Structure formats: C-alpha cells, structure tokens
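**Q** Pasting a structure below so you can have a look.
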C-alpha cells in the first residue's frame, strides 16, 4: 500500500513549499532552452541548416561525460557543455550547436553505477567521424567544447587526423580546465575547486539548478595514502615532492565522487561569471576563424 498524502492543515503547510520547489525546478529546466531552437541543429530543418552553413555559420561540438560528480550534482556534465554551446551560438549570431556527445573517454570512473565511458580508440573514432562529417557537409568553422578531461587525448588525435587528412583546423576549448584557472580571478571560493566541486558545481548551480541538491553537498575528506604515499591528484601520487603516475581507482582519489573540493563554497553567481568568460573566449575564437579557407 502506498504512503498516504497528508491532509488538513499539514497538507496546507506543505503545498506552498512543494509548489515553490516545483516552480524553481521547472524554471531551471526551461531556462537552459532560452532561444535554443534558433541554434540547435537537431531542432532545425535540414534546408535551414544547409542554408546557414553555406552562409558561413560555425558549428559547435559540445562534449562531456556521464560520470559521478558526488551526491549533489547531476552525472551528465555534458548537459552543461551543451548549455554553454547554446549560449555561445546565440552570442556569436552565426553559429549552430550539435547535440552534446554524452559519453566520455575512460579514465578513473570505470564501474560507476549508471556511468558509461568509451575506450580511447572508440572515442577517437567517434570524434574523428563527427569532424569529418561536418567538413564534408560544408562547415568551414568547427569549434569543439570539451567538458571532460578524459576526452583530451582522443580529441587531440582527432584534431591531428582532420588537419593531416583534410587540411582543417578544429580548435578545442577545454571548459573546466580553463575555468579552473580562473577560480581566484573570478572570485570563486578556493576550497571549492576540485572534482565534485568547482568549476562544474557553480556552473551547474547557474545553468541547471533544477538538477542540483545543495543540501547533499559533502565537505572534502582526507584521502588515504596509496602505496604509503599521499595521493596528489587523479592518477598521481607524490614522493619527495614529485608527482608520479599510478593506476589509481576512483574511490581512492574521490571518495563519494568528491576530490580535493569543498563544494559548499560553489555558487550560481560564480557559475554565471565562468559561463560569461567562456562565452567571451569562444566568440573571440569564432571571430578569429573567419576568412580562413581550409
């Protein structure tokens, strides 16, 4: 038998809070689609896409992953890469956005329930095929927006294949690698930086608050040593002040999906500043790519 709904005065007290939560989540879910139908390739008819590409519109290729980011953030960080791509396309005025590639390269996140990671060879082939297809479809400007560190080797190999095989240069903006370097400059909390925290936490609170659970954020915990040595990062341990690579698993680096971060310091305001800077940088790159006849 299912749980009974509260009645009487108790129900009246719960309704306003429930309605407010529903409104907040609905607003967050809809906000990221603001004007997006104008630039989403998936939502435009083929003749319109062909017309814009023939007119010189750029194509944005957002990428991310489906992995753990702790108890407070959604697994699909690719949703953020796609939302950022839409804002870049809208700001540029002459760009289109592909649907985000939802699965990233395998690294430290194997075995996460619900997580999916691709082998390096598979991801390289997928990214290469995407770039070649866009080129063969007439795209002259292609910009990759990467939201997962494990994608970097495959992206770099695909970029080289595209240039050597077709003479095409498709730059990549590594979203979180760039944003992490701006933490202090943009006023982010220093302790919030790390996996399960910033920059993804603040960006998620800004772009998709409907998918976040701030009350579930956990402070960073001390990591146990590996081989008797301190863990200094994803896949690294430190001896005599020098980092050494080691095949460390997720829970040895990021207990509960949180590593070296206190996500409670993340904020939607900081996320807005990060997104604004990313949009500014990407639109500058798109402008610089105009006029190149590769």
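Residue numbers (the numbering used here): 30 to 323. Even glycine gets a Cβ: it sits at the ideal position worked out from N, Cα and C. Predicted model only: the values in this text are computed from it and were never measured.
Would you please state the rounded distance, in angstroms, between the beta carbons of residue 91 and residue 146? I believe it to be under 8 Å.
**A** Sequence index remark: in the chain shown, residue 91 carries index 62 (1-based). Sequence index remark: in the chain shown, residue 146 carries index 117 (1-based). Here residue 91 is actually not in contact with residue 146; their C-beta atoms are around 17 Å apart, not less than 8 Å.
**Q** Would residue 311 and residue 152 be called neighbours here (beta carbons separated by less than 7 Å)?
**A** Here the question's residue 311 lines up with position 282 in the chain shown. Here the question's residue 152 lines up with position 123 in the chain shown. Contact: no.
**Q** Which residue's Cα is closest to the Cα of residue 233: 258, 176, 260?
**A** Here residue 233 refers to the residue found at position 204 of the chain shown. Considering only alpha carbons, the answer is 176.
**Q** Going straight from the alpha carbon of residue 325 to that of residue 108, what length do you get?
**A** Past the boundaries of the shown model lies residue 325; the chain is included only from 30 to 323, so the question cannot be answered.
**Q** Unbroken alpha helix (DSSP H) runs of length 4 or more, entirely within the stretch 163-231: which are they?
**A** Contiguous alpha helix (DSSP H) elements confined to the stretch 163-231 occur at 181-195, 204-209, taking only those with 4 or more residues.
**Q** Grab the span of the beta strand (DSSP E) containing residue 113 for me, first residue to last.
**A** Numbered from 1 along the chain shown, position 84 holds the residue referred to as residue 113. Segment 107-121 is the alpha helix (DSSP H) holding residue 113; no beta strand (DSSP E) there.
**Q** Does DSSP put residue 84 in a helix, a strand or coil?
**A** In the chain shown, the residue the question calls residue 84 occupies position 55. Three-state result, residue 84: coil.
**Q** Bridge partners for residue 273 per DSSP, in chain order?
**A** Numbered from 1 along the chain shown, position 244 holds the residue referred to as residue 273. Bridge partners of residue 273: 266.
**Q** By Cβ distance below 6 Å, which residues in the same chain neighbour residue 64 in space, the five residues on each side in sequence not counted?
**A** One-based indexing of the chain shown puts residue 64 at position 35. Bear in mind that a pLDDT of 49 at residue 64, under 50, signals an unreliable position, so the number given afterwards is only what the model happens to contain. Closer than 6 Å at Cβ, skipping near neighbours: 119.
**Q** Sort 316, 181, 155, 131 by Cα distance to residue 144 and report the nearest one.
**A** The residue given as residue 144 occupies position 115 in the chain shown. Comparing Cα-Cα distances from residue 144 to each of 316, 181, 155, 131, the minimum goes to 131.
**Q** Give every residue of the same chain whose Cβ lies closer than 6 Å to the Cβ of residue 248, excluding the five residues on either side of it in the sequence, and list them in chain order.
**A** Within the chain shown, residue 248 is the residue found at index 219, counting from 1. If we look at residue 248 and ignore the five residues flanking it on each side, its Cβ neighbours are 291.
**Q** Quick one: grab the DSSP three-state call for residue 236.
**A** Stepping through the chain shown from its first residue, residue 236 is reached at position 207. Helix.
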